[in-house]
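Line order of the protein sequences matches chains A and B. Note that this note's numbering gives residue 583 to position 510 of the first sequence, counting from 1, and the numbers run on in steps of one. Note that this note's numbering gives residue 134 to position 61 of the second sequence, counting from 1, and the numbers run on in steps of one.
2 protein chains.
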Amino acid sequence: MSEASVDPDKRMSSLYYVGLQPDQSNIEAAIDSDGVLSAVTDGYDVLSVPITNAHFRSGISRISQPVSDPAIVPPVAPPIYSDVNFAPNTTYAQHIFGMAAQWIELDSPDPRIAAVSAQVLKHELSFAYFCGLSYVIVPGPTRRNNVALYAESLNAALAAVPHINVIVHLAMAETGIEEPSGSDVQAPVDAMSIWDIWNSIRTICDYSSRLSVGLQVPAKLPPQTVVSRWFAEPITVLFISAKIFLSNPKGYPVLSKAHQYLLFKYMKMKPYTILQDVREATQIRTSSKLPSKQDEKAYLIYIRHLHTILPAPTAVEKFGRGYQDYLQNPLQPLADNLESGTYEVFEKDPVKYAQYEKALFQALSDRGTSPNDQPLVVAVVGAGRGPLVGCALRASDKAKVPIFVYAVEKNPNAYTYLLQRKELEWQNNVEVVFADMRNWNPVRKIDVMVSELLGSFGDNELSPECLDGAQRVLKSTGIMIPQSYTSHFIPAMSPKIFSTIKSQNREDIVNTPYVVMLQAVDLLAMEIKQAWEFRHPSPYLGANSKSSAVTHERRYDGLRMDDSVSNDHNNRHVKARFSVENRGIMHGFVGYFESVLYGDVELSTRPDTINKKSKDLVSWFPIWFPISSPLYVPDDSEIEISIWRKTDNRKVWYEWSIETFVLVPGPRLGSNDGDPMPPESSARSNGSSTKRVRLGCSKLHNPGGKYSSMSL
Amino acid sequence: MSEASVDPDKRMSSLYYVGLQPDQSNIEAAIDSDGVLSAVTDGYDVLSVPITNAHFRSGISRISQPVSDPAIVPPVAPPIYSDVNFAPNTTYAQHIFGMAAQWIELDSPDPRIAAVSAQVLKHELSFAYFCGLSYVIVPGPTRRNNVALYAESLNAALAAVPHINVIVHLAMAETGIEEPSGSDVQAPVDAMSIWDIWNSIRTICDYSSRLSVGLQVPAKLPPQTVVSRWFAEPITVLFISAKIFLSNPKGYPVLSKAHQYLLFKYMKMKPYTILQDVREATQIRTSSKLPSKQDEKAYLIYIRHLHTILPAPTAVEKFGRGYQDYLQNPLQPLADNLESGTYEVFEKDPVKYAQYEKALFQALSDRGTSPNDQPLVVAVVGAGRGPLVGCALRASDKAKVPIFVYAVEKNPNAYTYLLQRKELEWQNNVEVVFADMRNWNPVRKIDVMVSELLGSFGDNELSPECLDGAQRVLKSTGIMIPQSYTSHFIPAMSPKIFSTIKSQNREDIVNTPYVVMLQAVDLLAMEIKQAWEFRHPSPYLGANSKSSAVTHERRYDGLRMDDSVSNDHNNRHVKARFSVENRGIMHGFVGYFESVLYGDVELSTRPDTINKKSKDLVSWFPIWFPISSPLYVPDDSEIEISIWRKTDNRKVWYEWSIETFVLVPGPRLGSNDGDPMPPESSARSNGSSTKRVRLGCSKLHNPGGKYSSMSL
């Protein structure tokens, strides 16, 4: 492996990094520069090496004997040459992950032990930094009730030593490594407790970007909820003991199916995998005191093999590669004119236009040829570069229903492109119109109006307002495609997105919904809920649908300027209650949409319905609504999200606020929920004696559209 | 009452503002400008008047009839001349508190009613603003489970109309106004539920400075915890119905003792008191359909009378007047040289120097005259302008124990002043020394060393470090006054302090402890706990106390520069667990100190021990440790505060972090507290089946002293 290949930029490539943690017995042999070299030539990318040795420890033990007064903390001197396992060596530094002493107890209730441990950690980090190392692995806390002390020491060490990254070595859950391997007894433990400790540590350390997790993969895997939870955390290292491998019929070490799936999932995050107990496991496997290097290498080879047989990425994963957890401002196609490349990206969707074509086919078929044999009038409003014009023409051919197509576009550059396509491809069946659909006055009324104005949250690119503006030119019996769309949402945890937003420290960013290809996210609630719906043609303009076009025009032509025309019917408000089974920390909520294009032809970005309704749809990433301060929720709690879609005659915006509750045993009498009005939908209204206790609420985000809005 | 007297600046004076809310029946008569005038000449300062009238309401009722589709919201036109109760009039605007329509329901589950109500409120605020009013009273929410909707509408109205202040009219607690007056039945209601609703409203409205509370004083008062809770909130108006007055033997209306105490307490905040139901109550009291103006005025006269018989302020209240809830940076007398005025303020304390003199008297008496008849050597270290020199000389006279006093001072200006006093007052009994006590080398060793270096949190002005530095010149049998001091703390709620800090929006401010004369504060926990102790002479230097002065000097002379000399023995760490009975929101914690000057002579700023140990001590306000985000805690919860006093050889600083838990019925199994190490002090360890559920934790504040520290 060449020097260049450990360039951090290369981690975006398909390379996968595997390391070795030498057995306790042969550390000293493994850590001179030849040892590093041999491990690297053996195929490992990194070696995890204890920074200090037994000599250092014995020196510490001597000074930290209890004395009469426990408040006197002996000063710990930095390690000297004979105390450390490696020397500064720029050639190998990048191949070494330092390991802090396993015997330190930052969270010891004995103040002497805690203070000595804190000094040892600082010295070790400092030496690792001096040697040019990037990562030091620190043992996790040893008890639950002293996490603040542990985190404070970690934070002080991070502050004292620049640049170095600290990896906190943690079990996935309380069970697992404690259980004797092969045991079937699953003790009634708290599966989220280790995550909980980690969450406290990183909260106390204020989401330091230099703090991440090294996760020990246990022999017995925890429930799926725990696996998903950790997937949302910054995992730098997966530790895997060679002892948890099974032997296949040929005697080679392999992982169980469950472990394979775990690795397939976690490998997406490109952590380092560090193998432990390799010599010991090889000795057992080969029944040999001195197994060959080749026998020891079998574990490494297997991990590399697993990486080569990773399941192919889904269409969405392929499409979103490089955009994972990256915050994008939603498009404003109404206010801004898109560039050709943006259109081109959207046109690549393998599913979206197939669905549109199917919807158009069904609509044209249902409609049939008109009595006077005139072609049906189809309007593509917001035609862009014309993909829906193509869909309409193909659907017309297939349905044997002749059509005439208006392609209406307000972007002058796209308009020019459409004119060119008309000349080259479409000719007389298509008329290209340069107009804002809200002001367009065609000579003929429209039978089928088709648009692709949906955003990640459905209505967030102003589809309702645009189509309301165009509705006056639709025949009273006309069809609009899409016929309706609904917005959906669910509370979620994403330390990664939160720390990105936090690091900007700008009020506008925590008040803006972003489009994100979500990866390091854990959905906190048991189900996604619908927020609201829009239907087209709009029923709120329906009272006038039989009156003359003049009425419509008088009402809508001046939409943008005349304050007497209200857009209030496109306001929405909903408060939804989400049940949370396992505790977690809410950093925001995720928005999706579903749309009925026509009849049974639908689009969906909801992860639980996308495969049924529009598998492999890739055009939309979810939308992320951030909150300004994370809200912690315990087991068996409820999150209520209130969200508003608000409009004036110049802009549209969202506001949102969150309330949290915990459900505890107890009578409802005198509870926070003793409302004269019963709640509309009680998530667990089984009549049992459950009290709902308020835990917190957020401020109202983006009041008045102060920080983010879509211009009409 | 003259125009000038409603100048807001004058509210700091002893004037007390009383208003009248005219009875529903005679509003129309009361609200023309003559009506305002007559109320003002009748002795009221303000009149609370509904902004719109029945005519406006009937217009709204007409348009808000339910129609087929509830999503269609009728636009509400602003009120016209015949819809309002008063006209713009700059002369009287300042005497009018507008009242929003009592029939609006911002939190209605019917979206039409909610939306119409929101429009009505905006129109009313807008008209009130146009008329020059400063305050509008808005009815509180009508249900508990739609508070987010209520708050959003309020927030939108505040954003739409500039400057105007909104007063949310609320009951103190669920019981009270609902109960028939005189009833003894106390329904098992939730005493904090109304406060809880208010807390949600102002949290959602992001602690708007234009939002405050108008509190309805009920006939039956709620528990003291509720009274204290509201005292910490921004109460602009106290509403008192004349119907809750009793008649005294002469037939005059008076309030019960309990109500008097309530008013005495709340009058400190100088709210407006607005009397309601005056005509009706007068009719009943006088059994007259047409009572005289004088009879109606009896309630006003009584309130004004109450204000004149307010209990005298305590010494601390008198001393702190004008400083209530005002954040001051703690003094740094070591790093900065104080000005004479600052010394002068401290010297005014009636109690502090009496206690010092008593302590010196006892110490000198215990010590007695030395065998060789030499006077005892007393050192006043940090003598300032010399008050302790006076104490020592007086104590010496009284104890008949001759002394020689060193007055050691590092502030050159105070030194000059001391020289003058020596010449004029003290002469040969006193030697004035210009030195930092940490470097001072007197020819004689000290018998009694006395200092006044304590800060609001005890050690926060570096008393431990200064006295450690001076200890080397103390005889091995010498006495130090104070002998010891302890720091104490308790979690607290203060929306006022939080919003002051929040409005600065500076990271350093939420990471800095402030000295504050606390007023609008509610202590959340059941008891104040001790953090840590310092003792003098320091036992950690004690091992060397019998060795030569040279050893001491080698160890301490270079304290500031020589990194090999450690101040680690003055580091402290404690985690304390506080039980919280009634829910609340934590904005920070309050720190106090106690000190043993000598023997049984003590100083205390703890509110629960100050009267016993040092009544009327005024020199120290408490210290306030802020937290960056408020933490909500439900009933029966626990707050754990971890606090560190940390030092390096250049500075001393505090770090702090908070964790919160709720206690719920249930087995401990699988709880967040199933630690192998049992917690050191379980607040409710009665062995019953109580589960401790983690609710949240704060970040670590001021890590590494990054934002605030005391320089050595």
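We put the beta carbon where it would ideally sit given N, CA and C, even for glycine. Computed from a predicted model, the values in this text were never measured in an experiment.
query, result
"C-beta neighbour in chain B for E178 (chain A), strict 8 Å", "no"
"Chain A contact for G743 (chain B) (CB, 8 Å cutoff)", "Here G743 (chain B) scores only 41 on pLDDT, less than 50, and its place in the model is too uncertain to base an answer on."
"Status (buried if at least 16 other CB within 10 Å, exposed otherwise) for F203 (chain A)", "exposed"
"Within chain B, the residues that I186 (chain A) reaches when beta carbons sit closer than 9 Å", "In chain order: nothing, as chain B lies at least about 13 Å away."
"Distance, D721 (chain B) Cα to H774 (chain B) Cα", "18 Å"
"Own chain residues within Cβ distance below 6 Å of I696 (chain B), not counting five before or after", "S529, F530, P586, V588, G664"
"Any chain B beta carbon closer than 8 Å to S720 (chain A)", "Before going further, note that residue 720 (chain A) is Thr rather than Ser in the sequence given. So no, T720 (chain A) is outside the interface."
"Candidates B:S469, B:E417, B:I683, B:P703, of which the one nearest R440 (chain B) by Cα", "B:S469"
"Cβ-based neighbour list, A229 (chain B), same chain, cut-off 6 Å, excluding 5 preceding and 5 following", "none"
"Per-residue DSSP class, three states only, for W513 (chain B)", "coil"
"Sequence-distant residues of its chain with Cβ nearer than 8 Å to E197 (chain B) (five each side left out)", "I124, T125, P152, G171, A173, A174, V209"
"Backbone secondary structure at G526 (chain A) - three-state DSSP", "Going by the sequence as given, residue 526 (chain A) is Leu instead of Gly. Note: L526 (chain A) maps to coil in three-state DSSP."
"Inter-residue spacing [alpha-carbon to alpha-carbon] between T276 (chain A) and C770 (chain B)", "7 Å"
"Neighbour list for E717 (chain B) in chain A, Cβ cutoff strictly below 7 Å", "First, the residue type needs correcting, since residue 717 (chain B) is Trp and not Glu in the sequence shown. Under the 7 Å cutoff, chain A gives E225."
"Simplified DSSP assignment, three categories, for N238 (chain A)", "strand"
"Close Cβ partners of E76 (chain B) (< 6 Å) along its chain, the five nearest in sequence each way excluded", "With a pLDDT of 34 at E76 (chain B), under the threshold of 50, the modelled position of this residue cannot be trusted; read the value that follows with caution. Same-chain partners within the cutoff: there are none."
"K195 (chain B), enclosing alpha helix (DSSP H) - first and last residue", "184 to 203"
"Closer than 7 Å at the beta carbon, the chain A residues around G739 (chain B)", "P738"
"Integer Cβ distance of E667 (chain B) from Y558 (chain B), believed to fall under 8 Å", "7 Å"
"Burial state of E732 (chain A) (16 or more Cβ within 10 Å)", "buried"
"Integer Cβ distance of D595 (chain B) from F318 (chain B), believed to fall under 8 Å", "No, D595 (chain B) and F318 (chain B) are not in contact; Cβ-Cβ is about 28 Å, not under 8 Å."
"Alpha carbon of S285 (chain B) to alpha carbon of L547 (chain A), nearest angstrom", "51 Å"
"With 16 other Cβ atoms within 10 Å as the buried cut-off, status of N15 (chain B)", "No information on residue 15 (chain B) is available, as it lies outside the stretch 74 to 785 that chain B covers here."
"Collapsed DSSP secondary structure at I153 (chain A) in the structure displayed", "coil"
"Residue-level contact to chain B via CB, E420 (chain A), 8 Å cutoff", "no"
"Chain B contact for H646 (chain A) (CB, 8 Å cutoff)", "yes"
"Contacts around R130 (chain A), its chain only, beta-carbon distance under 8 Å, and the 5 residues preceding and following it disregarded", "A174, W176"
"Own chain residues within Cβ distance below 6 Å of A112 (chain A), not counting five before or after", "L93, L120"
"Near-chain A residues of the stretch 269 to 288 of chain B - C-beta to any C-beta below 9 Å", "D269, N272, S273, T276, I277, C278, D279, Y280"
"Other residues of its chain near K569 (chain B): CB distance less than 6 Å, five sequence neighbours each side excluded", "D398, A593"
"Per-residue DSSP class, three states only, for M750 (chain B)", "The predicted position of M750 (chain B) is uncertain, since its pLDDT is 36 and thus under 50; no value can be drawn from it."
"Same chain, Cβ closer than 8 Å to E527 (chain B), neighbours up to 5 away in sequence not counted", "The sequence given here places Leu at residue 527 (chain B); Glu does not occur at that position. The answer, listed in chain order, is E534, S536, P555, Y558, F666, S668, L676, W693."
"Rounded separation between R545 (chain B) and F419 (chain B) - CA only", "28 Å"
"Cβ neighbours of A224 (chain B) in the same chain (closer than 6 Å, five flanking residues each side left out)", "I274, I277, C278"
"Euclidean distance between Cα positions of G778 (chain A) and Y727 (chain A)", "7 Å"
"Whole-angstrom distance between A432 (chain A) and R494 (chain A), CA atom to CA atom", "23 Å"
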